[in-house]
Structures are given as C-alpha cells and as structure tokens.
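**Student:** Submitted below is the structure of interest, expressed as structure tokens.
Residue numbers (UniProt numbering): 1 to 134.
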C-alpha cells in the first residue's frame with residue numbers, strides 16, 4: 001500500500017475470490033470493500049489529484065479505479081480457533097496425492113489446455129484525455 005508519514009506499520013491489501021478487498025495494517029483488518037471483479041493486481045495511486053485511489057486489474061483485463069468510501073463493508077471473517085488441530089502427516093499425504101494428480105494431468109495429451117510460447121496480448125487504449133494518472 002501507499003506509504004503515509006502520518007501512520008506507521010506494515011500495510012497491505014488482500015483481494016479475495018468473493019470480490020472483497022481487505023485493507024490490513026499491522027495484522028488487523030482496518031477496512032473492507034467490494035469490487036466488481038476478482039483482482040489479480042492491486043495498486044494504490046493518485047488519479048486526478050485524488051490520493052489513495054485503488055486500481056485493480058482482473059484476469060480478463062478489466063481495469064477498475066475505486067475509492068474506499070465512507071462505510072466499510074460488513075463482511076464477517078471466519079475465526080480460526082486454537083482448538084483446530086492440523087495433522088501434518090495427513091496434510092503431507094494429501095499434498096503428495098494432489099501433486100501426483102497434477103503431474104499426471106500435465107502429461108495427459110487429451111487435455112484441452114495447450115501451452116503456447118511467446119503468447120501475445122494486444123491492448124488498445126482510447127486516448128480521450130479525460131483521465132490522468134500521476
């Protein structure tokens with residue numbers, strides 16, 4: 001996140017598949033906001049002189065610039081209790097099984113997924129001179 005001399009500490013943004021951005025400072029959620037798409041890239045920037053704008057890029061290439069607003073989203077976060085025990089041996093077995101399945105799937109020639117080296121992306125920008133990013 002953007003550095004601000006008025007507050008110290010570690011700040012970052014977490015985006016979720018439920019279209020939510022969480023603003024976190026020193027390990028505590030300070031703000032939550034919904035966005036239209038699932039962000040794969042998030043940047044805090046200044047747009048037309050307004051500091052703190054959050055620009056998100058979706059996996060489909062949709063760019064959204066938003067301001068957090070004045071009311072945080074009331075999203076509950078599932079609590080992790082200390083009574084939740086994780087069996088490391090079971091987790092390692094599950095991970096090993098999943099890795100084997102992935103390896104087998106990657107070698108399956110019947111899969112529709114095709115890898116293409118040097119894939120190109122074409123971006124068209126319409127210059128309307130209405131917006132400027134500083």
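Glycine included, C-beta positions come from ideal geometry on N, C-alpha and C.
How long is the line joining the alpha carbons of residue 146 and residue 55, rounded to whole angstroms?
**Tutor:** The first residue shown for the chain is 1 and the last is 134, placing residue 146 beyond what the model contains.
**Student:** Taking a contact to mean a Cβ-Cβ separation below 8 angstroms, would you say residue 135 touches residue 40 in this structure?
**Tutor:** As displayed, the chain neither begins before 1 nor continues past 134, which places residue 135 out of reach and without an answer.
**Student:** Buried or exposed: which applies to residue 21, given that a residue is buried once 16 or more other Cβ atoms fall within 10 Å of its Cβ?
**Tutor:** Numbered from its first residue, the chain shown carries residue 21 at position 21. Burial call: buried.
**Student:** Just how far apart, CA to CA, sit residue 37 and residue 67?
**Tutor:** Position 37 of the chain shown holds residue 37. Position 67 of the chain shown holds residue 67. Spanning the two alpha carbons is a distance of roughly 15 angstroms.
**Student:** Alpha carbon to alpha carbon, how far is residue 108 from residue 98?
**Tutor:** Taking the chain shown and counting its residues from 1, the one referred to as residue 108 is at position 108. Taking the chain shown and counting its residues from 1, the one referred to as residue 98 is at position 98. Residue 108 and residue 98: Cα-Cα distance of roughly 15 angstroms.
**Student:** Relative to the ligand FAD, is the shortest distance from any of its heavy atoms to the C-beta of residue 107 smaller than 7 angstroms?
**Tutor:** This structure does not include the ligand FAD; it has no bound ligands of any sort.
**Student:** Assign residue 106 to one of three DSSP states: helix, strand, or coil.
**Tutor:** Mapped onto the chain shown, residue 106 falls at position 106. Residue state, collapsed to three classes: helix.
**Student:** What is the residue span of the beta strand (DSSP E) that residue 42 lies within?
**Tutor:** The residue you call residue 42 lines up with position 42 of the chain shown. That run of the beta strand (DSSP E) goes 39-47.
**Student:** Can you tell me which of 23, 103, 10, 106 puts its alpha carbon nearest to the alpha carbon of residue 42?
**Tutor:** The residue labelled residue 42 in the question sits at position 42 within the chain shown. Of 23, 103, 10, 106, the residue nearest in Cα terms is 23.
**Student:** Using C-beta distances below 6 angstroms, list every residue in its chain close to residue 29, excluding the 5 sequence neighbours before and after it, in chain order.
**Tutor:** Counted from its first residue, the chain shown places residue 29 at position 29. Around residue 29: 22.
**Student:** From residue 58 to residue 16, what does the alpha carbon distance come to, in whole angstroms?
**Tutor:** The count along the chain shown starts at 1 and reaches residue 58 at position 58. The count along the chain shown starts at 1 and reaches residue 16 at position 16. Computed Cα separation, rounded: 12 angstroms.
**Student:** Taking DSSP's pairing of strands, which residues face residue 58 in a bridge?
**Tutor:** Working through the chain shown from its first residue, we reach residue 58 at position 58. Bridge partners of residue 58: 39.
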